[in-house]
Amino acid sequence: MKPTSEITAGHAVLETVIGFMGIAWNEKGLIRLCLP
């Protein structure tokens with residue numbers, strides 16, 4: 000397997016006890032955070 004330096008943008012939505020939490024990132028790092 001060949002190592003790659005590609006970083007893709009992404010996001011995740013997580014359910015917590017007090018509501019939903021969202022997080023988004025790109026090649027520069029964390030770009031957005033949404034707390035319940």
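Note that numbering that gives the first Met the number 0 has the sequence shown beginning at 0, numbered continuously upward.
Beta carbons: idealized from backbone N, C-alpha and C, even for Gly.
All values derive from a computational prediction rather than experimental measurement.
For residue j and residue i, believed in contact at Cβ under 8 Å, the rounded distance
i: L34; j: M20; result: 6 Å
i: I22; j: L32; result: 6 Å
8 Å Cβ cutoff, residue i in contact with chain B
i: H10; result: Judged by its chain identifiers, the structure shown contains no chain B, having just a single protein chain.
Bridge partner(s) assigned by DSSP for residue i
i: A23; result: H10, R31
Length of the line joining the Cα atoms of residue i and residue j
i: A42; j: W24; result: Residue 42 is absent from the model: the chain starts at 0 and stops at 35.
i: K27; j: H10; result: 14 Å
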